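J.: The structure is given below, and queries will be raised subsequently.
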């Protein structure tokens, strides 16, 4: 049984069955173990001074946690005290027995009233978070035997003074505690936003959370010995600037996260660091001066999230090959031009100030440059095979770009709402096979896709990009002013999402006999589409799901003319049977007249539109 069973439970009475020999009670205390030598729990009802019984040699984990005791008298035969033993209690002072040589983790965690602790002269280790949050602790003396201090052992001890004069393994000075043979800054106890500190000579490491939420202005390093800065080291601190030496190899996760005052970070040109870790500069809103060392190859997720003032940080001079999810989201970065092949993460530049992009990569992931309102120059190099959903959505300053020959697929909404986009060019020998729905939706200035005059792989006619032999439509420009589209006689299939959200399209006419497939979401969202004509020799055999979703006008009487054998296929895809009637009443007179006109003049319209 552990004392954790009774955390925050103010037991008034404790009872044990007479036949249970595993435990013993003594008023408001529980004991267990050989000869009941382990103090397991002391009730929260116990106040004032507690004297540990003479038969106890061990005090268990959390025994006094959250308790009301102010003092504990521990005799000399006690050999161990468990983790969290006095955590968050009202303990004021304590003398530790000589046989307790290790202080367990969090043993005095958040003891806000603890003022004085006297260590055993044989103490060897103080474990992690041992005195975490003990803000009233004023002084301690390190015995000569102490060799190890765990992470955050004295975090939050803002009033402490440490006497390390008897110990050669540790150093306390200038409000800093150095551990690991005086090479690691483990704790900082300062509280002055204007404080400029200098790390001692020989410092190789700054531990995790050492300066977290602390007040200081700058820190300087002497010589080239610093190699590592731990996780969350300066997070939420008032640090304003820092300059790293040549020796730095590692920055920890969230190292400078939420440093609202940080404006300048300097790396040496010869610094060998290769990675900026996750959330390293997350939400450093005032960071303006930073140039990445050329050795950088990896930028982890959220590394510069919301760094709205960073500008050009020298990416083009690095060897970066990986930029992870949301790395520069909401940031002020202005350009991305890399000489090497790059892997980009989801939303990595979403809503940033980037104005110029010139990259070589295989895939541009979802939302990568979404909402980049300043992006005006885009160069997509050979090797790119796919642009994913919403990659460049709402890039309102983008006016043109060229599809490289290697690009095969452009996914949903990739360039949606690029309101200034006017020119899209297709490279010779293009591999493009899919342009999904909404790719160019809400791009009012885009009326065509520009092809090289010598292109023998593709054609662009009547608002549509097709293969050169006109057997398949790849996409129809949604903002095209064309209201009537006549499919070439050679057309065999209408690709998925080909006419997605083409809000100006009113009529489509299938003039040939080879058409057999209307693919997935082919006419999705064509809200004005009110008439479809399929000739007697046109035999559609496949209609994909949601092909006519959102085309409500196609359910009006007489809105579709087709061979009777095709009617069941349309009906299967939510087209009303009344759409195929030829005896519509006067309510549908206007539609019927339109229908009659198309039927009677189809042979004249077809060659005119296809020119």
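Numbering (the working numbering), first residue to last: 5 to 615. C-beta atoms are modelled at their ideal positions from N, C-alpha and C, and glycine is treated no differently. Keep in mind the model is a prediction, meaning the values are calculated, not measured.
(1) Out of 173, 271, 264, point me to the one whose CA is closest to residue 4's CA.
(2) Apart from the five residues just before and just after residue 117, which ones in its own chain have a Cβ nearer than 8 Å to its Cβ?
(3) What does a CB cutoff of less than 7 Å around residue 285 pick up in its chain, not counting 5 residues either side in sequence?
(4) Among the candidates 107, 138, 119, 113, whose CA atom is the shortest distance from the CA of residue 125?
(5) To the nearest angstrom, how far is it from the Cα of residue 470 to the Cα of residue 565?
(6) Closer than 8 Å to a non-hydrogen atom of the ligand ZN - does that hold for the CB of residue 339?
(7) Given residue 333, which residues of its chain have a CB within under 8 Å of its CB, disregarding the five upstream and five downstream residues?
(8) Residues in its own chain within less than 8 Å of residue 219 by CB, not counting five upstream and five downstream?
(9) Using a 10 Å radius around the Cβ and a threshold of 16 neighbouring Cβ atoms, would you call residue 52 buried or exposed?
(10) Compare the beta carbon distance of residue 488 and residue 511 with 9 Å and say whether it is the shorter of the two.
(11) Could you give the C-beta distance for residue 114 and residue 136, rounded to a whole number, given that I count them as a contact under 8 Å?
(12) Please identify the residue among 209, 349, 335, 339 whose C-alpha is closest to the C-alpha of residue 325.
(13) Do the stretch 147-155 and the stretch 172-184 meet, that is, are 3 or more Cβ pairs less than 8 Å apart?
(14) For residue 147, tell me which candidate among 36, 160, 129, 430 has the shortest Cα-Cα distance.
(15) Around the Cβ of residue 517, are there at least 16 other Cβ atoms within 10 angstroms (buried) or fewer (exposed)?
(16) Does residue 390 come out as helix, strand or coil in the three-state DSSP assignment?
(17) Quick check on residue 40: does DSSP put it in helix, strand or coil?
(18) Check whether the Cβ atoms of residue 318 and residue 345 lie closer than 9 Å to each other.
(19) At which residue ranges does the stretch 368-432 contain complete beta strand (DSSP E) runs of 3 or more residues, listed in the order of the chain?
(20) Residue 214 and residue 192 - do their beta-carbons sit closer together than 9 Å?
(21) Pick out whichever of 82, 239, 551 has its Cα sitting closest to the Cα of residue 500.
(22) Go through the stretch 508-576 residue by residue and report every complete run of the alpha helix (DSSP H) that reaches 4 residues or more, in order.
(23) Alpha carbon to alpha carbon, how far is residue 586 from residue 560?
(24) Who are the Cβ neighbours of residue 360 in its own chain at under 6 Å, not counting the five residues just before and after it?
(25) Quick one: what does DSSP say residue 321 is sitting in, helix, strand or coil?
(26) What runs of the beta strand (DSSP E), each 3 residues or longer, lie entirely inside the stretch 142-217?
(27) As a quick exercise: from 56, 21, 276, pick the residue whose alpha carbon is nearest that of residue 43.
(28) Would you report the Cα separation of residue 399 and residue 421, rounded to the nearest angstrom?
(29) Where does residue 276 land, buried or exposed, given buried means 16+ other C-beta within 10 angstroms?
(30) Provide the residue(s) that pair with residue 72 in DSSP beta bridges, ordered along the chain.
(31) Just the C-alpha distance for residue 268 and residue 246, rounded to the nearest angstrom, thanks.
(32) In the DSSP assignment, the beta strand (DSSP E) including residue 97 goes from what residue to what residue?
(33) Please go through the same chain and pick out, in chain order, the residues whose beta-carbon is closer than 6 Å to the beta-carbon of residue 20, but skip the five residues on each side of it.
(34) Buried or exposed for residue 209, please, with buried defined as at least 16 other CB atoms from any protein chain shown within 10 angstroms of its CB.
(35) Anyone know if the C-beta pair for residue 477 and residue 497 falls short of 9 Å?
T.: The short version:
(1) Look at the range of the chain in this structure, 5 to 615, and you will see that residue 4 is not part of it.
(2) Hits under 8 Å: 74, 94, 95, 96, 140.
(3) The answer, listed in chain order, is 260, 291, 307, 308, 311.
(4) Residue nearest to residue 125 within the set 107, 138, 119, 113 is 107 (criterion: CA-CA distance).
(5) Rounded to whole angstroms, residue 470 and residue 565 show a C-alpha spacing of 25 Å.
(6) This structure does not include the ligand ZN; it has no bound ligands of any sort.
(7) Counting only Cβ-Cβ distances below 8 Å, and skipping sequence neighbours, we find 306, 309, 310, 351, 352, 353, 354, 355, 356.
(8) Result list for residue 219: 194, 195, 196, 197, 199, 241, 242, in chain order.
(9) That one is exposed.
(10) Between residue 488 and residue 511, the gap from beta carbon to beta carbon is short of 9 Å.
(11) The C-beta distance from residue 114 to residue 136 rounds to 7 Å, short enough to meet the 8 Å contact threshold.
(12) Distances from the alpha-carbon of residue 325 to those of 209, 349, 335, 339 put 349 closest.
(13) In short, these stretches touch, since the Cβ pair count reaches three.
(14) Answer by Cα proximity: 129.
(15) Residue 517 is exposed by the Cβ-count criterion.
(16) Strand.
(17) The answer is helix: DSSP assigns residue 40 an H, G or I state.
(18) Between residue 318 and residue 345, the C-beta spacing is not below 9 Å.
(19) Within the stretch 368-432, the complete beta strand (DSSP E) runs of at least 3 residues are 381-384, 404-407, 427-430.
(20) Here residue 192 is near residue 214, since their CB atoms are less than 9 Å apart.
(21) The candidate whose alpha carbon is nearest that of residue 500 is 551.
(22) Correct list: 571-576.
(23) One alpha carbon belongs to residue 586, the other to residue 560, and they sit about 11 Å apart.
(24) Taken in chain order, the residues that qualify are 339, 381.
(25) Residue 321: helix per DSSP, three-state reduction.
(26) List check, beta strand (DSSP E) in window: 143-145, 165-167, 175-177, 180-183, 188-192, 200-202.
(27) Relative to residue 43, the option among 56, 21, 276 whose CA is nearest is 56.
(28) Roughly 7 Å separates the two Cα atoms.
(29) So residue 276 ends up on the exposed side.
(30) According to DSSP, which records beta bridges pairwise, residue 72 is partnered with 51.
(31) The alpha-carbon separation between residue 268 and residue 246 amounts to approximately 7 Å.
(32) Unbroken beta strand (DSSP E) run through residue 97: 97-99.
(33) So the list reads 27, 29, once near-sequence residues are dropped.
(34) Burial call: buried.
(35) Taking 9 Å as the Cβ cut-off, residue 477 and residue 497 qualify as a contacting pair.
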